[in-house]
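Participant:
Number of protein chains: 2
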Amino acid sequence: MTGSVLALCGGIGGAKLALGLSRSLGAGDLTVLVNTGDDFDHLGLRISPDIDTVLYTLAGLSDTERGWGRADETWNFMSSLREIGGESWFQLGDRDLAMHVERTRYLRGGGTLTDFVEQVAHRLGVGPRILPMTDEDVRTIVETDEGSLEFQRYFVEQRCRPRVRSLWFAGACLTRVSAAVSHAIFDATRAIIICPSNPYLSIDPILSIPGMRAALDQATAPIVAVSPIIGGEAVKGPTAKIMSELGTPVTNASIAKHYRGLIDGLIVDTVDRDDAAAIDLPVQVTRTLMQDLADRTRLGRDVLAFAESLAPSRLERVVSRHMTAGVYA
Amino acid sequence: MTGSVLALCGGIGGAKLALGLSRSLGAGDLTVLVNTGDDFDHLGLRISPDIDTVLYTLAGLSDTERGWGRADETWNFMSSLREIGGESWFQLGDRDLAMHVERTRYLRGGGTLTDFVEQVAHRLGVGPRILPMTDEDVRTIVETDEGSLEFQRYFVEQRCRPRVRSLWFAGACLTRVSAAVSHAIFDATRAIIICPSNPYLSIDPILSIPGMRAALDQATAPIVAVSPIIGGEAVKGPTAKIMSELGTPVTNASIAKHYRGLIDGLIVDTVDRDDAAAIDLPVQVTRTLMQDLADRTRLGRDVLAFAESLAPSRLERVVSRHMTAGVYA
Chain U
8 MTGSVLALCG GIGGAKLALG LSRSLGAGDL TVLVNTGDDF DHLGLRISPD
58 IDTVLYTLAG LSDTERGWGR ADETWNFMSS LREIGGESWF QLGDRDLAMH
108 VERTRYLRGG GTLTDFVEQV AHRLGVGPRI LPMTDEDVRT IVETDEGSLE
158 FQRYFVEQRC RPRVRSLWFA GACLTRVSAA VSHAIFDATR AIIICPSNPY
208 LSIDPILSIP GMRAALDQAT APIVAVSPII GGEAVKGPTA KIMSELGTPV
258 TNASIAKHYR GLIDGLIVDT VDRDDAAAID LPVQVTRTLM QDLADRTRLG
308 RDVLAFAESL APSRLERVVS RHMTAGVYA
Chain Z
8 MTGSVLALCG GIGGAKLALG LSRSLGAGDL TVLVNTGDDF DHLGLRISPD
58 IDTVLYTLAG LSDTERGWGR ADETWNFMSS LREIGGESWF QLGDRDLAMH
108 VERTRYLRGG GTLTDFVEQV AHRLGVGPRI LPMTDEDVRT IVETDEGSLE
158 FQRYFVEQRC RPRVRSLWFA GACLTRVSAA VSHAIFDATR AIIICPSNPY
208 LSIDPILSIP GMRAALDQAT APIVAVSPII GGEAVKGPTA KIMSELGTPV
258 TNASIAKHYR GLIDGLIVDT VDRDDAAAID LPVQVTRTLM QDLADRTRLG
308 RDVLAFAESL APSRLERVVS RHMTAGVYA
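Here the protein sequences line up with chains U and Z, keeping their order. Numbered by the working numbering, the letters in the first sequence go through residues 8 to 336 in order. Numbered by the working numbering, the letters in the second sequence go through residues 8 to 336 in order.
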């Protein structure tokens, strides 16, 4: 089967699947739509954590042991910054820093994040297209029992310790889905994949962009999500903790419910094969834990195959929706 | 003898003597007035090369072998910047970078360079006060046979290759000597020392600040320059090349002429003891080449002793000038 694939993701977990997908797809057949709700300004520099994680992962530059940042990283900037009394709660590696300095310079000169990422991806020899969810400032705000926290303050400084009451995306209401994103959704004729990223922190910011949900609803490609929950826990990060704090059972059924109306099918891990019965959607059971490149590549293939199986029913659903709306009347 | 000492300097050569002076003087008795004409914005960061050289030298952090930048420096930021296609003609070490990022942040927040340098010097345990010549933007422009060049383009990118026709200091006419600098000159009752920095590139920018020359002329302390020329050559940098290109003989007499009316005496190296006859100023002959800390300390002591010997005639000259101007009439 041919056609383009669009993958929605946040940082580490999502980037793993994006890498797996890139192994099965020709260059130009994969676009990765990345959360920028975690972006922030720090020390006068614009940091885009998820974008950079995806860039480094697809360029083969990421540190797979530490799980974030670049391999062979050094930390002399940080040590020197501490000496002169600079803010040091957010770790910036010496190699990684080049990205932030160059991005800040580029954006200050009037360039867009989309163009910057495209140029850097090209320089780093990355085949798939990496597309920020927006070029505008949209910031994930975590409302907690200790007050309102910007994402990185919650995630890095507070290490996800405060209890989450709700999340919102400051600035989203002032944006519109960009032409680049809208085209990428329209062009994705083979599959749209929601990576096993944190639904609240990584995927919801993308969906919060006005027009994003409507564009996805009109896509002809089947939309498949890979659940980030395995055996009642998240592989990494605060997904399970946040679900509990929001009063949502930490189950695949909750993930299906979260994405209800958006997705055509859900992929769950083999340990959760009994969950399928409780989910009123097509469910594919496969191993979703990605420990090495072989895992990522195999999961990528499984996701594409599952999407292919859902294509006829998706098309039927979208056409009937269009007809109801009078598009083909 | 007691009282405060003010040293005017640029980067490397000047910083060596500043360090030597600091060994003979109590904390609080030395202020170093530093050229900022070499400062520039690069990659969106404000770089202050001479200020940082003086800071690192006095903090014991400078790389004495390479001659510039910090010891134990690494270059991973630069290598990563090259990977993504950033401008790489100006080398920024990983440790050094913290200074530029933090300074840029501080200045953008409305702080002054003077305050930033004071805070960093305190953090790094530097005893002497380090004072930028101005908090305004004054930029050394080198007019060459290949056109007008900003200082760092001439100095670093072109490695001083183009022939110099003249130099000027953009923005200087819009500034005034600051209260901090004016107080430092007034407070320097023991000696004012012009370090063996490049007169054209490092000292002239300081003297170009409107009001600077008048403040120095009114100082009660003797003003002594250490010649940067030894045996018809400069120890380091383009001083001799620039003098030739400007049609000035590369001699100590030219240095004396350059500072005529400003200084009360000139220090020349022992190899140039025969030059004294051609100079119509008090000349002190001593070893001025500074190869190690002992050299720097000894030269610092020699300069202070020479200044002390010139104090009575300086005082007489300044008082007579004041009386002519009717100040004591």
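Cβ atoms here follow ideal geometry from the backbone N, Cα and C, with glycine treated the same way.
1. Bridge partners for W175/U per DSSP, in chain order?
2. Does the beta-carbon of A336/Z have 16 or more other beta-carbons within 10 angstroms, so that it is buried, or is it exposed?
3. Taking Cβ-Cβ distances below 7 Å as the criterion, which residues of the stretch 193-212 of chain U are in contact with chain Z?
4. Going by C-alpha to C-alpha distance, which of S189/U, F162/U, I262/U, V231/U sits closest to E240/U?
5. For chain U, find out if any of its Cβ atoms is closer than 8 Å to the Cβ of N42/Z; answer yes or no.
6. In terms of residues, what are the limits of the beta strand (DSSP E) holding A283/Z?
7. If we ignore side chains and look at the alpha-carbon of each, how far apart do G268/Z and R220/Z end up?
8. Using the Cβ count rule (16 or more neighbours within 10 Å means buried), how would you classify P319/U?
9. Considering only the beta carbon of each residue, do D271/Z and I230/Z sit closer than 8 Å?
10. If you follow the beta strand (DSSP E) that Q291/U is in, where does it begin and where does it stop?
11. Taking Cβ-Cβ distances shorter than 7 Å, what residues in chain U pair up with A25/Z?
12. Looking at chain Z, is there any beta carbon in it that lies within less than 8 Å of the beta carbon of M297/U?
13. Going by alpha carbons, who is nearest to L52/U out of R115/U, L15/U, E80/U, R73/U?
14. Mind the definition here: the stretch 76-84 of chain U touches the stretch 120-134 of chain Z only if three or more C-beta pairs lie below 8 Å; say whether that holds.
15. Does A336/U have its Cβ less than 8 Å from a Cβ in chain Z?
16. Taking Cβ positions only, does T111/U come closer than 8 Å to chain Z?
17. Would the stretch 198-218 of chain U and the stretch 301-318 of chain U be scored as touching if the rule is three or more Cβ pairs under 8 Å?
18. Measure the C-alpha to C-alpha separation of D279/U and A247/U and round it to an integer number of angstroms.
19. Could you have a look at A318/U and say whether DSSP puts it in helix, strand or coil?
20. So, at 7 Å on beta carbons, what are the nonlocal neighbours of V163/Z in its own chain, with the 5 sequence-adjacent residues on each side left out?
21. From V127/Z, V325/Z, A14/Z, pick the residue whose C-alpha is nearest to that of L68/Z; which is it?
22. Is T81/U close to chain Z, meaning its C-beta is less than 8 Å from at least one C-beta of that chain?
23. Counting along the chain, where does the beta strand (DSSP E) carrying R53/Z start and finish?
24. I'd like the span of the beta strand (DSSP E) that includes P139/Z, first residue to last.
25. Is it true that the CB of G18/Z sits closer than 8 Å to the CB of D57/Z?
26. Helix or strand or just coil, what does DSSP make of I91/U?
27. Can you name the residues that DSSP bridges to T38/Z?
28. Which same chain residues, not among the five before or five after V184/U, have their C-beta less than 6 Å away from its C-beta?
29. Please list the residues of the stretch 274-288 of chain Z that have a C-beta atom closer than 7 Å to any C-beta atom in chain U, keeping them in chain order.
30. For V184/U, return the contacting residues in chain Z, with the cut-off set at a CB-CB distance below 8 Å.
31. Taking the alpha carbon of V30/U as the reference point, which residue from M330/U, A301/U, G21/U, E80/U has its own alpha carbon closest?
32. If you draw a straight line from the alpha carbon of L88/Z to that of G154/Z, how long is it in whole angstroms?
33. What does F47/Z touch in chain U if you count any residue whose Cβ is under 9 Å from its own?
34. Name, please, each residue of chain U whose Cβ falls closer than 8 Å to the Cβ of R102/Z.
Facilitator: According to the structure data:
1. DSSP lists I148/U as the beta-bridge partner residues of W175/U.
2. Because the pLDDT of A336/Z is 46, which lies under 50, any placement of that residue in the model is unreliable, and the question is left without a value.
3. none
4. I262/U
5. Taking 8 Å as the threshold, the shortest C-beta distance from N42/Z to chain U does not fall below it.
6. Run containing A283/Z: none; DSSP gives neither H nor E here.
7. 10 Å
8. exposed
9. In this structure, I230/Z lies closer than 8 Å to D271/Z by Cβ.
10. 290-293
11. For A25/Z, there are no C-beta contacts with chain U under 7 Å, since the nearest C-beta of that chain is about 19 Å from it.
12. Not one chain Z Cβ lies under 8 Å of M297/U.
13. The residue with the shortest Cα to Cα distance from L52/U is R115/U.
14. Segments in contact, no.
15. Any answer about A336/U is weak, because its pLDDT of 46 lies below 50 and its placement is not dependable; what the coordinates show is given next. So no, A336/U is outside the interface.
16. yes
17. yes
18. 15 Å
19. helix
20. W96, F97
21. V127/Z
22. yes
23. 52-54
24. 136-139
25. yes
26. coil
27. L13/Z, R136/Z
28. I216, G218, M219, A222
29. none
30. Within chain Z, no residue comes near V184/U; the closest Cβ sits about 28 Å away, beyond 8 Å.
31. According to the sequence shown, residue 30/U is Arg rather than Val. Among M330/U, A301/U, G21/U, E80/U, the Cα nearest to that of R30/U is on A301/U.
32. 29 Å
33. By Cβ distance, chain U contributes nothing, its closest Cβ being about 14 Å from F47/Z, past 9 Å.
34. N83, F84, S86, S87
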